[in-house]
Amino acid sequence: MGGSRLMRWWSEVRTLSGLLITDESGMSTVEYAIGTVAAAAFGALLYTVVTGDNILSALTGIITRALSTAVS
């Protein structure tokens, strides 16, 4: 390889390695949007479960039992 070809080749290698090795420490806008939608869906699911009749009666029973327990 001649000197100029070697320099061009090395320049291309550095450019390509710079493209391949990038810092992705933050989230992009799309990732924020997907995270927000997932959090909202999880919140809706949790709300549905907690406000269901079975869970509500179970929680009421636990609280009633805890409040009526005699302290020794």
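Residue numbering for the sequence shown is 0 to 71, as defined by numbering that gives the first Met the number 0.
Cβ coordinates follow ideal geometry from the N, Cα and C atoms, glycine included.
Measure the C-alpha to C-alpha separation of residue i and residue j and round it to an integer number of angstroms.
i	j	result
L55	A37	25 Å
A43	V49	10 Å
T14	S3	16 Å
M6	I33	43 Å
S16	S27	22 Å
Does residue i come out as helix, strand or coil in the three-state DSSP assignment?
i	result
G60	helix
A65	helix
T35	helix
S27	coil
T14	helix
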